[in-house]
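First comes the structure, then the notes that go with it.
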Amino acid sequence: MKRFLSRILALVLVVAIGLTGCSSDSTTGLTGNYREDTLGVIGSLRSALELPADSPDKVAVRAEARKNINDFASRYQRDPAILKLNSFTTMRTALNSLAGHYSSYPNRPVPEKLKTRLEQEFKQVEVSLKRGV
């Protein structure tokens, strides 16, 4: 009887975990529409970059920016149709640069040189998205 109950419990857990993993509602905030998601991530990263260094919620904003970077990369890096887009390669370059800074220098502000480069890359991505590339 004990063995039967443990097997039933294991089956219920597997089904519950499987259904939870297959749920369609996204906790990442990404819609699945590449263009909208890219523009949303750019907007959130711009607000994180414009935040003053002495802001009290700097840590939370940086954490949210890192989460957006990871969610965006994990959602779109395995889609072969998106991998070919110029906007994606430019966006990936910008995200890698910012994520590298956040992981290497977590307590330092983003340098102006990096901010300028990121803004230039964000503009290139926006232009590419408008052209449909």
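According to mature numbering (1 follows the signal peptide of the UniProt record, and there is no 0), the stretch in the sequence shown is residues -25 to -1, 1 to 108, in order.
All C-beta atoms, glycine included, are put in the ideal place defined by N, C-alpha and C.
- The alpha-carbon separation between Ala69 and Phe(-22) amounts to approximately 54 angstroms.
- Met66: member of the alpha helix (DSSP H) spanning Asn61 to Ser79, first to last residue.
- In this structure, the straight-line span from the alpha carbon of Asn82 to that of Ala28 is close to 10 angstroms.
- Under the Cβ criterion (8 angstroms, minimum of three pairs), the stretch 78 to 96 does not count as touching the stretch 51 to 59.
- Cβ contact annotation for Gly4 (same chain, cutoff 8 angstroms, sequence separation greater than five): Gly15, Asn43 and Asp46, in chain order.
- Per DSSP, Ala28 lies in no alpha helix (DSSP H) segment and is marked neither H nor E.
- Leu(-15) sits in a helix when the DSSP states are folded into three classes.
- In the structure shown, the three-state DSSP call for Asp46 is helix.
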